[in-house]
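FYI, numbering that gives the first Met the number 0 numbers position 77 of the sequence shown as 76, with every residue one higher than the one before it.
For reference, the structure is listed below as C-alpha coordinates.
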Amino acid sequence: MLLGATIILAVRNAEKGKKAREVLLKSCPQANAIIKLVDLTDFVSIREFANQLTLEYEKIDALINNAGIIFHPYKRTVDGNEITITTNYFGPFLLTHLLLNLLSKSDNGRVINLSAVAHLRGKIKLDDLNSEENFVEIEAFSQSKLALTMFTKYMASLLKHTRITFNAVNPGLVRGTRHLRNSRLTTSFITKLSVWPWMWLFMKTPYQGCQTVIYAAVDPFLANVSGCYFSNCEIQKPSDLVNDIQLSENLYKRTCEIVKIDGENIINKVVECEDKEI
0 MLLGATIILA
10 VRNAEKGKKA
20 REVLLKSCPQ
30 ANAIIKLVDL
40 TDFVSIREFA
50 NQLTLEYEKI
60 DALINNAGII
70 FHPYKRTVDG
80 NEITITTNYF
90 GPFLLTHLLL
100 NLLSKSDNGR
110 VINLSAVAHL
120 RGKIKLDDLN
130 SEENFVEIEA
140 FSQSKLALTM
150 FTKYMASLLK
160 HTRITFNAVN
170 PGLVRGTRHL
180 RNSRLTTSFI
190 TKLSVWPWMW
200 LFMKTPYQGC
210 QTVIYAAVDP
220 FLANVSGCYF
230 SNCEIQKPSD
240 LVNDIQLSEN
250 LYKRTCEIVK
260 IDGENIINKV
270 VECEDKEI
(Lines of atoms letter the chains of each structure in order from A; the text may use other names.)
(Lines give C-alpha, C1' and ligand atoms only; values in the text may rest on other atoms or scores of the structure.)
Protein backbone atom coordinates (compact mmCIF):
# COMPACT_ATOMS: atom_id res chain seq x y z
CA MET A 0 0.00 0.00 0.00
CA LEU A 1 2.91 2.38 0.67
CA LEU A 2 5.28 2.08 -2.28
CA GLY A 3 4.08 3.97 -5.33
CA ALA A 4 0.81 4.97 -3.72
CA THR A 5 -1.19 7.92 -5.00
CA ILE A 6 -2.26 10.25 -2.21
CA ILE A 7 -5.41 12.26 -2.80
CA LEU A 8 -5.60 15.36 -0.64
CA ALA A 9 -9.32 16.05 -0.47
CA VAL A 10 -9.59 19.67 0.64
CA ARG A 11 -12.15 22.45 0.74
CA ASN A 12 -9.60 25.23 0.30
CA ALA A 13 -7.32 24.92 -2.74
CA GLU A 14 -4.62 27.24 -1.37
CA LYS A 15 -4.37 25.35 1.91
CA GLY A 16 -4.27 22.13 -0.08
CA LYS A 17 -1.31 23.41 -2.10
CA LYS A 18 0.55 24.34 1.07
CA ALA A 19 -0.08 20.88 2.53
CA ARG A 20 1.19 19.30 -0.68
CA GLU A 21 4.33 21.45 -0.58
CA VAL A 22 5.06 20.32 2.98
CA LEU A 23 4.56 16.70 1.93
CA LEU A 24 6.87 17.02 -1.08
CA LYS A 25 9.62 18.60 1.01
CA SER A 26 9.85 15.48 3.17
CA CYS A 27 9.12 13.06 0.33
CA PRO A 28 9.93 14.60 -3.10
CA GLN A 29 8.87 11.50 -5.00
CA ALA A 30 5.38 11.42 -3.47
CA ASN A 31 2.49 11.38 -5.92
CA ALA A 32 0.09 13.75 -4.16
CA ILE A 33 -2.98 15.09 -5.94
CA ILE A 34 -5.26 17.87 -4.73
CA LYS A 35 -9.00 17.54 -5.22
CA LEU A 36 -11.72 19.82 -3.92
CA VAL A 37 -14.63 18.64 -1.81
CA ASP A 38 -16.80 20.33 0.80
CA LEU A 39 -17.98 17.83 3.40
CA THR A 40 -20.74 20.20 4.51
CA ASP A 41 -22.30 20.04 1.04
CA PHE A 42 -23.84 16.73 -0.02
CA VAL A 43 -23.80 17.71 -3.71
CA SER A 44 -20.06 18.44 -3.49
CA ILE A 45 -19.48 15.06 -1.85
CA ARG A 46 -21.38 13.24 -4.58
CA GLU A 47 -19.49 15.08 -7.32
CA PHE A 48 -16.17 14.26 -5.67
CA ALA A 49 -17.06 10.57 -5.30
CA ASN A 50 -18.22 10.40 -8.92
CA GLN A 51 -14.94 11.95 -10.04
CA LEU A 52 -12.89 9.37 -8.13
CA THR A 53 -15.02 6.55 -9.49
CA LEU A 54 -14.30 7.68 -13.05
CA GLU A 55 -10.57 8.22 -12.51
CA TYR A 56 -9.48 5.36 -10.26
CA GLU A 57 -9.91 1.61 -10.21
CA LYS A 58 -9.63 1.19 -6.46
CA ILE A 59 -9.04 2.92 -3.13
CA ASP A 60 -6.79 1.24 -0.58
CA ALA A 61 -7.45 3.56 2.35
CA LEU A 62 -9.97 6.28 3.11
CA ILE A 63 -9.04 8.54 6.02
CA ASN A 64 -11.95 10.66 7.19
CA ASN A 65 -9.92 13.41 8.80
CA ALA A 66 -12.22 16.46 8.62
CA GLY A 67 -13.35 17.86 11.94
CA ILE A 68 -14.47 21.07 13.64
CA ILE A 69 -15.13 21.93 17.27
CA PHE A 70 -16.54 24.91 19.19
CA HIS A 71 -18.24 26.18 16.05
CA PRO A 72 -21.22 28.51 16.62
CA TYR A 73 -24.58 27.18 15.48
CA LYS A 74 -24.84 27.33 11.71
CA ARG A 75 -26.86 25.50 9.10
CA THR A 76 -25.27 24.02 5.99
CA VAL A 77 -26.65 24.34 2.45
CA ASP A 78 -28.58 21.12 3.12
CA GLY A 79 -30.13 22.55 6.28
CA ASN A 80 -28.12 20.55 8.81
CA GLU A 81 -26.04 21.77 11.77
CA ILE A 82 -22.46 22.31 10.62
CA THR A 83 -20.55 20.43 13.37
CA ILE A 84 -22.31 17.10 12.98
CA THR A 85 -22.34 17.52 9.20
CA THR A 86 -18.58 18.07 8.97
CA ASN A 87 -17.68 15.43 11.53
CA TYR A 88 -20.25 12.74 10.77
CA PHE A 89 -22.89 13.23 8.05
CA GLY A 90 -20.30 14.17 5.42
CA PRO A 91 -17.90 11.28 6.13
CA PHE A 92 -20.87 8.89 6.39
CA LEU A 93 -22.07 9.82 2.91
CA LEU A 94 -18.61 9.88 1.35
CA THR A 95 -17.72 6.48 2.78
CA HIS A 96 -20.83 4.86 1.33
CA LEU A 97 -20.22 6.41 -2.09
CA LEU A 98 -16.65 5.06 -2.14
CA LEU A 99 -17.36 1.56 -0.82
CA ASN A 100 -17.31 0.08 -4.30
CA LEU A 101 -13.79 1.40 -4.92
CA LEU A 102 -12.67 0.25 -1.48
CA SER A 103 -13.98 -3.24 -2.22
CA LYS A 104 -11.66 -3.45 -5.26
CA SER A 105 -8.62 -3.26 -2.98
CA ASP A 106 -7.12 -6.40 -1.46
CA ASN A 107 -7.54 -4.76 1.94
CA GLY A 108 -9.61 -1.59 1.76
CA ARG A 109 -9.42 0.35 5.01
CA VAL A 110 -11.61 3.13 6.36
CA ILE A 111 -10.10 5.18 9.18
CA ASN A 112 -12.48 7.52 10.98
CA LEU A 113 -10.93 10.17 13.21
CA SER A 114 -12.69 10.10 16.55
CA ALA A 115 -11.80 11.95 19.76
CA VAL A 116 -11.68 11.24 23.47
CA ALA A 117 -14.68 13.59 23.72
CA HIS A 118 -16.84 10.83 22.23
CA LEU A 119 -16.78 9.23 25.70
CA ARG A 120 -19.03 11.99 27.04
CA GLY A 121 -21.26 12.09 23.97
CA LYS A 122 -24.97 11.28 23.81
CA ILE A 123 -27.01 10.41 20.75
CA LYS A 124 -30.21 12.39 20.26
CA LEU A 125 -31.89 10.40 17.51
CA ASP A 126 -34.81 12.79 17.31
CA ASP A 127 -32.56 15.85 17.27
CA LEU A 128 -29.19 15.01 15.71
CA ASN A 129 -28.95 18.59 14.46
CA SER A 130 -29.21 19.94 18.04
CA GLU A 131 -32.03 22.31 17.14
CA GLU A 132 -33.67 22.22 20.56
CA ASN A 133 -30.63 22.91 22.73
CA PHE A 134 -27.34 23.64 21.00
CA VAL A 135 -24.17 23.50 23.09
CA GLU A 136 -20.95 23.57 21.09
CA ILE A 137 -18.99 20.92 23.01
CA GLU A 138 -22.03 18.63 23.24
CA ALA A 139 -22.54 18.89 19.49
CA PHE A 140 -18.90 17.93 18.97
CA SER A 141 -19.07 15.03 21.43
CA GLN A 142 -22.23 13.68 19.80
CA SER A 143 -20.68 13.92 16.34
CA LYS A 144 -17.57 11.97 17.36
CA LEU A 145 -19.63 9.37 19.21
CA ALA A 146 -21.83 8.95 16.15
CA LEU A 147 -18.75 8.51 13.95
CA THR A 148 -17.28 5.92 16.33
CA MET A 149 -20.58 4.02 16.49
CA PHE A 150 -20.76 4.14 12.69
CA THR A 151 -17.26 2.64 12.55
CA LYS A 152 -18.17 -0.36 14.70
CA TYR A 153 -21.52 -0.86 12.97
CA MET A 154 -20.03 -0.81 9.47
CA ALA A 155 -17.37 -3.28 10.58
CA SER A 156 -20.16 -5.68 11.55
CA LEU A 157 -22.07 -5.16 8.30
CA LEU A 158 -18.98 -5.75 6.17
CA LYS A 159 -17.30 -8.41 8.31
CA HIS A 160 -17.32 -10.92 5.44
CA THR A 161 -15.65 -8.53 3.00
CA ARG A 162 -12.09 -7.26 2.55
CA ILE A 163 -13.02 -3.81 3.87
CA THR A 164 -12.15 -2.93 7.46
CA PHE A 165 -13.29 -0.01 9.60
CA ASN A 166 -11.44 1.44 12.56
CA ALA A 167 -11.67 4.66 14.59
CA VAL A 168 -8.63 6.62 15.73
CA ASN A 169 -8.20 9.21 18.45
CA PRO A 170 -5.25 11.36 17.29
CA GLY A 171 -5.25 13.44 20.47
CA LEU A 172 -5.01 17.21 20.69
CA VAL A 173 -2.51 18.28 18.05
CA ARG A 174 -0.68 21.57 17.72
CA GLY A 175 -1.33 23.70 14.66
CA THR A 176 -4.69 22.21 13.69
CA ARG A 177 -6.65 25.35 14.63
CA HIS A 178 -9.38 23.16 16.15
CA LEU A 179 -9.55 25.47 19.15
CA ARG A 180 -9.75 28.73 17.20
CA ASN A 181 -13.38 29.27 18.28
CA SER A 182 -12.78 28.18 21.89
CA ARG A 183 -12.61 30.54 24.86
CA LEU A 184 -9.17 29.08 25.41
CA THR A 185 -7.96 31.12 22.44
CA THR A 186 -10.44 34.01 22.37
CA SER A 187 -9.93 35.07 26.00
CA PHE A 188 -6.74 37.08 26.55
CA ILE A 189 -6.43 36.03 30.20
CA THR A 190 -6.90 32.35 29.35
CA LYS A 191 -4.33 32.62 26.61
CA LEU A 192 -1.76 33.81 29.11
CA SER A 193 -2.59 31.42 31.97
CA VAL A 194 -3.76 28.18 30.35
CA TRP A 195 -2.63 28.04 26.74
CA PRO A 196 1.13 27.68 27.40
CA TRP A 197 0.49 24.61 29.57
CA MET A 198 -1.90 23.10 27.03
CA TRP A 199 0.62 23.68 24.27
CA LEU A 200 3.24 21.84 26.29
CA PHE A 201 1.10 18.70 26.54
CA MET A 202 -0.28 18.80 22.99
CA LYS A 203 1.08 16.38 20.41
CA THR A 204 3.18 17.56 17.51
CA PRO A 205 1.69 16.95 14.03
CA TYR A 206 4.16 14.09 13.61
CA GLN A 207 3.02 12.46 16.85
CA GLY A 208 -0.64 13.09 16.09
CA CYS A 209 -0.57 11.26 12.77
CA GLN A 210 1.23 8.11 13.97
CA THR A 211 -1.87 6.19 15.05
CA VAL A 212 -3.67 7.20 11.86
CA ILE A 213 -0.83 5.89 9.71
CA TYR A 214 -0.57 2.75 11.84
CA ALA A 215 -4.26 1.96 11.37
CA ALA A 216 -4.12 2.73 7.66
CA VAL A 217 -1.09 0.74 6.54
CA ASP A 218 0.25 -1.68 9.16
CA PRO A 219 0.06 -5.19 7.65
CA PHE A 220 -0.64 -6.77 11.04
CA LEU A 221 -3.97 -4.91 11.13
CA ALA A 222 -5.22 -6.33 7.84
CA ASN A 223 -8.01 -8.27 9.56
CA VAL A 224 -8.60 -5.94 12.51
CA SER A 225 -11.92 -4.13 12.23
CA GLY A 226 -14.39 -2.30 14.43
CA CYS A 227 -11.80 -1.09 16.93
CA TYR A 228 -11.00 2.23 18.60
CA PHE A 229 -7.30 3.14 18.59
CA SER A 230 -5.40 5.68 20.65
CA ASN A 231 -1.60 5.98 20.89
CA CYS A 232 -1.25 3.03 18.51
CA GLU A 233 -3.17 0.73 20.85
CA ILE A 234 -6.69 -0.67 20.85
CA GLN A 235 -8.62 0.97 23.66
CA LYS A 236 -12.14 0.72 25.04
CA PRO A 237 -14.61 3.15 23.46
CA SER A 238 -17.86 4.43 24.93
CA ASP A 239 -20.27 1.67 25.97
CA LEU A 240 -22.76 3.16 23.50
CA VAL A 241 -20.52 2.04 20.64
CA ASN A 242 -21.52 -1.54 21.47
CA ASP A 243 -25.24 -0.75 21.66
CA ILE A 244 -26.37 -2.61 18.55
CA GLN A 245 -29.95 -1.34 18.54
CA LEU A 246 -28.94 2.29 19.00
CA SER A 247 -26.28 1.92 16.30
CA GLU A 248 -28.82 0.46 13.88
CA ASN A 249 -31.32 3.22 14.60
CA LEU A 250 -28.61 5.86 14.18
CA TYR A 251 -27.54 4.29 10.90
CA LYS A 252 -31.07 4.29 9.49
CA ARG A 253 -31.72 7.87 10.62
CA THR A 254 -28.47 9.05 9.06
CA CYS A 255 -29.29 7.34 5.77
CA GLU A 256 -32.52 9.35 5.73
CA ILE A 257 -30.66 12.61 6.37
CA VAL A 258 -28.00 12.11 3.67
CA LYS A 259 -30.56 10.52 1.34
CA ILE A 260 -28.99 7.17 0.50
CA ASP A 261 -30.17 3.57 0.55
CA GLY A 262 -27.44 2.28 2.82
CA GLU A 263 -28.74 -1.28 2.96
CA ASN A 264 -28.71 -1.55 -0.83
CA ILE A 265 -25.17 -0.16 -1.07
CA ILE A 266 -23.92 -2.61 1.56
CA ASN A 267 -25.65 -5.57 -0.09
CA LYS A 268 -24.10 -4.78 -3.47
CA VAL A 269 -20.61 -4.69 -1.98
CA VAL A 270 -21.15 -7.98 -0.14
CA GLU A 271 -22.63 -9.66 -3.23
CA CYS A 272 -19.74 -8.54 -5.44
CA GLU A 273 -17.15 -9.94 -3.05
CA ASP A 274 -19.11 -13.19 -2.69
CA LYS A 275 -19.00 -13.63 -6.48
CA GLU A 276 -15.24 -13.05 -6.56
CA ILE A 277 -14.73 -15.66 -3.85
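Every residue gets a Cβ at the ideal spot worked out from N, C-alpha and C, and that includes glycine.
Please report the straight-line C-alpha distance between residue i and residue j, rounded to a whole angstrom.
i, j, result
"residue 5", "residue 110", "16 Å"
"residue 209", "residue 124", "31 Å"
"residue 127", "residue 222", "36 Å"
"residue 246", "residue 88", "16 Å"
"residue 95", "residue 227", "17 Å"
"residue 158", "residue 258", "20 Å"
"residue 77", "residue 117", "27 Å"
"residue 12", "residue 219", "33 Å"
"residue 120", "residue 69", "14 Å"
"residue 236", "residue 172", "18 Å"
"residue 206", "residue 136", "28 Å"
"residue 15", "residue 204", "19 Å"
"residue 267", "residue 224", "21 Å"
"residue 261", "residue 255", "7 Å"
"residue 252", "residue 28", "44 Å"
"residue 22", "residue 214", "20 Å"
Which residue's Cα is closest to the Cα of residue i: the options?
i, options, result
"residue 165", "55, 17, 60 and 18", "60"
"residue 122", "35, 17, 139 and 116", "139"
"residue 55", "101, 73, 41 and 79", "101"
"residue 65", "170, 219 and 250", "170"
"residue 38", "8, 267, 31 and 148", "8"
"residue 249", "259, 43, 150 and 237", "150"
"residue 79", "32, 40, 34 and 71", "40"
Starting from residue i and walking both ways along the alpha helix (DSSP H), at which residues does that stretch end?
i, result
"residue 253", "244–258"
"residue 230", "Premise fails: residue 230 lies in the beta strand (DSSP E), 227–230, not in any alpha helix (DSSP H)."
"residue 39", "No alpha helix (DSSP H) contains residue 39, which DSSP labels as neither H nor E."
"residue 284", "Past the boundaries of the shown model lies residue 284; the chain is included only from 0 to 277, so the question cannot be answered."
Here's the rule: buried if 16 or more other CB atoms are within 10 angstroms of the residue's CB, otherwise exposed. What is residue i?
i, result
"residue 160", "exposed"
"residue 57", "exposed"
"residue 234", "exposed"
"residue 232", "exposed"
"residue 153", "buried"
"residue 18", "exposed"
"residue 242", "exposed"
"residue 244", "exposed"
Between which two residues does the beta strand (DSSP E) holding residue i run?
i, result
"residue 233", "233–235"
"residue 168", "164–169"
"residue 7", "5–10"
"residue 213", "Residue 213 -> not in any beta strand (DSSP E); alpha helix (DSSP H) instead, spanning 205–217."
"residue 100", "Where residue 100 is concerned, there is no enclosing beta strand (DSSP E), although the alpha helix (DSSP H) it sits in stretches over 90–103."
- Query: Does the count of Cβ pairs from the region 103–117 and the region 39–53 closer than 8 Å reach three?
  - Reply: no
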